[in-house]
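Asks: Take this structure first; my questions come after.
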Amino acid sequence: MKNAIHQKNIVLGVCGGIAAYKSVELLRLMTKKGAGVRVMMTPHACEFVGPMTFAALSGKPVCTDLFDSRNTDASIRHIEWAQDAHAVVIAPATANLLGKYANGTADDALSTFLLAVTCPVILCPSMNSNMYLSPPVQRNLETLRRDGHTVLEPGAGELACGTSGPGRLPEPEQILDRLMACLSPKDLTGKRVLVTAGPTQEPIDPVRFISNPSSGKMGYAIARAAEYRGAEVVLVSGPSALPDPLNVKTVRIRTAKEMAEAVFAHLDETDIVIKSAAVSDYRPKEVAEHKIKKGEAETHMILEQNEDILKSIGQRKKHQFLVGFAAETQSLRDNASAKLEKKNLDMIVGNIVIQPGSGFGSDTNRVTLFYRGGTQEALEQMDKDTVAHIILDRVMERIPPK
Ligand code: CTP
């Protein structure tokens, strides 16, 4: 499958809060993922950001008023938009809007539209922390949760009003993430997925290590996609700048040894293992206690082999479906097929890591999937999120139903 909002109709409702500027970025992210987004603004929102900005970025007229004289097609917008929408996101959602929605008040375009909506609604409250924590706002949020809507907890920190506490609008990436989760099919519900990602670092001394340029992007994309689709996910990650995926148990490790420990601690309660980490094959035999000083013109270091974690899982596995990765610079088919056999895998994802748009650090990947029995499937170059979904699709096609 593609990402869950591709070609979906989303309505972005914007209220009058200082965080309204962040919704511009949210709109951009949603359209980049292929969603058709229509924007509805409260009159107060227009005081913070001009409707023209949203119109230009969405490529569609913005609704600010139920009785807009420019609405020449005589359509009843609040009903038509509600019927067409696959999901609605209100960001920022002010105390006023939450109060109106919780109590069924319809006195402007956005609050009237919301009463006609039957698709999932994600509410992103943002306001001063005392306002957010006030009993009426908390009561209204509770009502809205009970009505079946998703409420994203605001972040804590310094707010525009100078105070500090809960009330910050979550970052646009996080809102997009929850929208994806909301619209994804839940075909992995009940499945426990273990993903490894990123590089490992093998220390030489306190300030140096052996590693590789893996960013973790592929593994994190798989962990997120599995979580969106309803799986219970454990992500064992080497050093990576990426944030912990929401709703995923993320175990941060440094060395191959630590990765092995974390993986084996979770293996028994896992149904699907996807090992996308770029594990260092060797580690220095001796780790110096202090920084090694410059000495002779040439020097040597003795390396010893790390455990091949994937191979060990292949030897121990019982019911688990096991997916490995093969990072190659040549002879992809031969090398990947050999690893599939040698490590007793069910599937291996091979890629040539030195071609542009593929491999370490890139946002895209071009992979070939190799299956048991000698079949293979070459995929086009695509973003790593889409690769992640296709890997999960193929795994699910091959797992026998319970
Ligand atoms: N892997 C592992 N433990 C290791 C080395 C690799 O679990 N010590 C896993 C990787 O996570 C990946 C797969 O094995 O899923 C293949 O890794 P790769 O680096 O492509 O191959 P290697 O098996 O290390 O073989 P080579 O370096 O000879 O290509």
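Residue numbers for the sequence shown follow my numbering, beginning at 361 and rising by one. Backbone N, C-alpha and C fix where the C-beta goes; we use that ideal spot for every residue, glycine too. Computed from a prediction, not measured in an experiment: that's the story for all the values here.
What did DSSP end up calling residue 488 once you bin it into helix, strand or coil?
Replies: DSSP places residue 488 in coil when its eight states are reduced to three.
Asks: Under 7 angstroms from any heavy atom of the ligand CTP, does the C-beta of residue 687 make it?
Replies: For the ligand CTP, at least one heavy atom lies less than 7 angstroms from the Cβ of residue 687.
Asks: Using 8 angstroms for Cβ pairs, my map puts residue 723 next to residue 680. What's the rounded Cβ distance?
Replies: Contact flag wrong, Cβ pair sits at about 29 angstroms.
Asks: Measuring CB to CB, does residue 389 end up less than 8 angstroms from residue 536?
Replies: Yes; because the gap between Cβ atoms is below 8 angstroms, this pair is in contact.
Asks: Could you please give me the residues that DSSP links to residue 665 through a beta bridge?
Replies: In the DSSP output, where bridge partners are listed per residue, residue 665 has 642.
Asks: Would the beta-carbon of residue 684 be found less than 7 angstroms away from any heavy atom of the ligand CTP?
Replies: Yes - the ligand CTP has a heavy atom lying nearer than 7 angstroms to the Cβ of residue 684.
Asks: Between the Cα of residue 590 and the Cα atoms of 741, 683, 538 and 685, which residue gives the shortest distance?
Replies: Answer by Cα proximity: 538.
Asks: Between residue 616 and the rest of its own chain, which residues show a CB-CB distance below 6 angstroms, the 5 nearest in sequence each way excluded?
Replies: Closer than 6 angstroms at Cβ, skipping near neighbours: 560, 639, 640 and 666.
Asks: If you reduce the DSSP assignment to three classes, tell me which class residue 594 lands in.
Replies: Residue 594: strand per DSSP, three-state reduction.
Asks: State the beta-bridge partners of residue 494 as determined by DSSP.
Replies: Residue 494 pairs with nothing; no bridge assigned.
Asks: So residue 629 and residue 552 are in contact, right, with Cβ under 8 angstroms, and what is the actual spacing, rounded?
Replies: Confirmed, Cβ separation roughly 6 angstroms.
Asks: Identify whether residue 434 lies in helix, strand or coil by the three-state DSSP scheme.
Replies: Only weak support is given to the placement of residue 434: the predicted model assigns it a pLDDT of 49, under 50, and the value that follows is read from those uncertain coordinates. Residue 434 falls in the coil class under three-state DSSP.
Asks: Can you tell me which residues form a DSSP beta bridge with residue 482?
Replies: Bridge partners of residue 482: 449 and 510.
Asks: Just to confirm before moving on: does the CB-CB distance between residue 453 and residue 423 stay below 8 angstroms?
Replies: The answer is no: Cβ separation not under 8 angstroms.
Asks: Is residue 570 near the ligand CTP - that is, is its Cβ less than 7 angstroms away from at least one heavy atom of it?
Replies: Residue 570 Cβ: outside cutoff for every heavy atom of the ligand CTP.
Asks: Would the C-beta of residue 504 count as close to the ligand CTP, meaning under 7 angstroms from any of its heavy atoms?
Replies: No; taking the cut-off as 7 angstroms, the Cβ of residue 504 has no heavy atom of the ligand CTP nearer than that.
Asks: Compute the Euclidean distance between the alpha carbons of residue 557 and residue 576, then round it to the nearest angstrom.
Replies: Roughly 5 angstroms between the two C-alpha positions.
Asks: Below 8 angstroms, how does it come out for the stretch 744-759 and the stretch 577-585: are there three or more Cβ pairs, yes or no?
Replies: A contact exists between the stretch 744-759 and the stretch 577-585.
Asks: For residue 614, write down the residues that DSSP places opposite it in a beta bridge.
Replies: Residue 614 is not bridged to any residue.
Asks: Kindly examine the ligand CTP and report whether one of its heavy atoms sits closer than 7 angstroms to the Cβ of residue 667.
Replies: At least one heavy atom of the ligand CTP is nearer than 7 angstroms to the Cβ of residue 667, so yes.
Asks: Any heavy atom of the ligand CTP closer than 7 angstroms to the beta-carbon of residue 727?
Replies: No, the ligand CTP has no heavy atom inside 7 angstroms of this Cβ.
Asks: Identify which residue in 445, 754, 505 and 413 has its Cα closest to the Cα of residue 458.
Replies: Nearest option by C-alpha distance: 505.
Asks: Tell me residue 526's beta-bridge partners as DSSP assigns them.
Replies: BP columns for residue 526 point to 516.
Asks: Looking at the unbroken alpha helix (DSSP H) that takes in residue 532, where does it start and where does it end?
Replies: Element bounds for residue 532: 532-543.
Asks: Going by beta carbon distance, what residues of the same chain come within less than 6 angstroms of residue 379, once the five residues before and after it are set aside?
Replies: 452, 486 and 529.
Asks: Leaving out five residues on either side along the sequence, give the residues of the same chain with a beta carbon under 8 angstroms from the beta carbon of residue 533.
Replies: Here the set comprises 389.
Asks: Name the residue from 406, 685 and 644 whose alpha carbon lies nearest to the alpha carbon of residue 377.
Replies: When each option's Cα is compared against that of residue 377, the closest is 406.
Asks: In the DSSP output, what is residue 712 paired with across the bridge?
Replies: In the DSSP output, where bridge partners are listed per residue, residue 712 has 688.
Asks: Assuming residue 411 is part of the alpha helix (DSSP H), what are its boundary residues?
Replies: Taken as a continuous stretch (DSSP letters only), the alpha helix (DSSP H) holding residue 411 covers 411-418.
Asks: Using CA coordinates, which residue listed in 449, 720, 706 and 441 is at the minimum distance from residue 571?
Replies: Considering only alpha carbons, the answer is 720.
Asks: Tell me which residue opens and which closes the alpha helix (DSSP H) that residue 753 is part of.
Replies: Segment 744-758, the alpha helix (DSSP H) holding residue 753.
Asks: Is the beta carbon of residue 548 sitting closer than 8 angstroms to the one on residue 682?
Replies: Against a cut-off of 8 angstroms, the Cβ pair of residue 682 and residue 548 comes out as no contact.
Asks: Cα-Cα, which of 736, 704, 716 and 702 is closest to residue 710?
Replies: Checking every option, the nearest Cα to that of residue 710 belongs to 736.
Asks: Since residue 584 is in the alpha helix (DSSP H), which residue starts that stretch and which ends it?
Replies: Residues 577-588.
Asks: At the level of alpha carbons, what is the spacing between residue 664 and residue 645?
Replies: Cα to Cα, the separation comes out at about 5 angstroms.
Asks: Could you spell out where the alpha helix (DSSP H) holding residue 388 opens and where it closes?
Replies: Run containing residue 388: 380-392, per the alpha helix (DSSP H) assignment.
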